[in-house]
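Under our numbering, the residue at position 17 of the sequence shown is numbered 41, and the numbers go up by one with no gaps. To start, the structure itself, in structure tokens.
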Amino acid sequence: EDIREQRDVAGEHPEVVDSIRTIMEREHTVPDIEQFKMEALGDDKRN
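And the structure:
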């Protein structure tokens, strides 16, 4: 049990990580508010 979520289990479940990544990339839309843009998801951040 890892109530505080301190143990990274991503390496043990790469199929779950891939599934989550696919969903995030498919469902992501570029936010209108600059501070919510994420370069990791391809958003163009122009400060």
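A virtual CB, placed ideally from N, CA and C, is assigned to each residue, including glycine. All figures in this text were calculated on a predicted structure; none of them were measured in a lab.
If you follow the alpha helix (DSSP H) that residue i is part of, which residue opens it and which one closes it?
i     : result
Asp42 : Pro38 to Glu51
For residue i and residue j, I'd like the C-alpha separation in whole angstroms.
i     : j     : result
Asp32 : Ser43 : 17 angstroms
Ala64 : Arg45 : 11 angstroms
Val40 : Ile47 : 11 angstroms
Arg70 : Lys61 : 10 angstroms
Glu36 : Ile27 : 18 angstroms
With a CB to CB cut of under 8 angstroms and the five nearest residues on each side skipped, what residues in its chain are close to residue i?
i     : result
Arg50 : none
Note down, in chain order, each residue of its chain lying with its Cβ closer than 7 angstroms to the Cβ of residue i, except the 5 sequence neighbours on either side.
i     : result
His52 : Leu65
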